[in-house]
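According to my numbering, the stretch in the sequence shown is residues 5 to 256, in order. Read through the structure below, which is laid out as structure tokens, and then see the notes.
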Amino acid sequence: MKMKNTLLSMIFALGVSQVALSQTNVLPAIGNVGIGTLTPQYSLDVNGKIFVRGIGTYHYPDNADLQIGYGLASSGTNGTVSRLSMQPFGHTGGPWKFNARDDAASAYLDLNYGVQNAITIHHAGNVGIGVLIPDSKLSVNGNIRAREIKVENANWPDYVFTKDYQLPTLQQTENHIKEKGHLPGIPSAAEVKANGIDLGEMNAKLLQKIEELTLHLIEKEKEITNLKQRDQQQEDKINFILSKLNHSNSQK
């Protein structure tokens with residue numbers, strides 16, 4: 005009888021173990037599990053690569069971050085946080101990295117390729133291309149190619165054509181050029197090299213100079229027309245006098 009009970013217990017235990025193995029394996033809630041490491045620091049600490057087969061949906065709690073990469077900063081500290089690093093299979097360059105970083109005053113999201121900074125987004129909405137700290141809505145360290153660029157500027161210099169506008173004389177402009185080496189109201193080459201130019205503002209200033217030059221040309225055209233009229237009058241008088249002289253000589 006005792007032998008029979010022992011046999012039944014073994015069969016029952018074996019059946020339970022088979023059922024357990026066919027179900028989800030559950031590890032203790034307390035303690036860390038290590039694969040390839042004797043001192044696991046996290047709930048699952050793997051010293052090596054992980055390969056996941058299949059396509060699935062991975063769910064994270066609303067208050068959790070997906071952090072994949074290196075140099076992960078702990079919560080509440082400043083510095084670079086590598087959130088995600090990706091590399092195409094078989095590709096030797098890169099990898100592509102999404103980095104979240106911050107300092108005492110600002111936060112940034114970077115998209116980098118290897119050590120090259122590609123795109124940076126500032127928390128206030130500034131975007132940098134090839135720029136680590138963008139100080140404008142769009143900062144580009146390089147060339148820009150576009151089919152059309154529209155610059156809005158409310159201070160368009162139509163005031164040059166008003167009656168109250170004090171048009172600088174050509175003599176005043178010449179004196180300024182001799183002294184400063186550039187047109188009045190236009191930044192010097194050194195200023196442009198150091199600070200760049202505002203396209204909208206510069207176009208307005210160039211238009212102002214064109215309008216001033218147009219007014220001078222109109223004035224000079226009037227002066228030339230008056231001179232031509234005076235020359236014609238002088239020529240008519242001379243021809244009249246010559247005609248009188250010729251007529252007088254012919255009477256002798």
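Backbone N, C-alpha and C fix where the C-beta goes; we use that ideal spot for every residue, glycine too.
Does the beta-carbon of residue i, which I'm using as the reference point, lie nearer than 8 Å to any heavy atom of the ligand NAP?
i	result
residue 201	Among the components modelled here there is no ligand, and therefore nothing to report on the ligand NAP.
Quick check: the Cα distance between residue i and residue j, rounded to an integer number of angstroms?
i	j	result
residue 109	residue 47	34 Å
residue 249	residue 235	21 Å
residue 161	residue 206	11 Å
residue 53	residue 111	31 Å
residue 204	residue 154	9 Å
residue 121	residue 151	26 Å
residue 107	residue 129	16 Å
residue 219	residue 252	50 Å
residue 202	residue 169	24 Å
residue 224	residue 213	16 Å
residue 123	residue 40	37 Å
residue 43	residue 137	40 Å
Using the DSSP secondary-structure output, state which residues sit across from residue i in a beta bridge.
i	result
residue 120	117
residue 56	According to DSSP, which records beta bridges pairwise, residue 56 is partnered with nothing at all.
residue 89	101
Answer with buried or exposed for residue i, where buried requires no fewer than 16 other C-beta atoms within 10 angstroms of its C-beta.
i	result
residue 32	exposed
residue 159	exposed
residue 209	buried
residue 105	buried
residue 101	buried
residue 114	buried
residue 216	buried
residue 103	buried
residue 69	With a pLDDT of 49 at residue 69, under the threshold of 50, the modelled position of that residue is not reliable, and the figure given next carries that caveat. Under this definition residue 69 is an exposed residue.
residue 243	exposed
Measure how close the beta-carbons of residue i and residue j come, nearest whole angstrom, since I'm counting them as under 8 Å.
i	j	result
residue 45	residue 51	Between residue 51 and residue 45 the Cβ distance is about 11 Å, and since that is not below 8 Å, they are no contact.
Is the number of C-beta pairs between the region 162-180 and the region 229-242 that are closer than 8 Å three or more?
Fewer than three beta-carbon pairs drawn from the region 162-180 and the region 229-242 are found closer than 8 Å, and the two stretches are therefore not classed as touching.
Does the count of Cβ pairs from the region 136-143 and the region 183-190 closer than 8 Å reach three?
Because the criterion of three Cβ pairs below 8 Å is not met, the region 136-143 and the region 183-190 do not touch.
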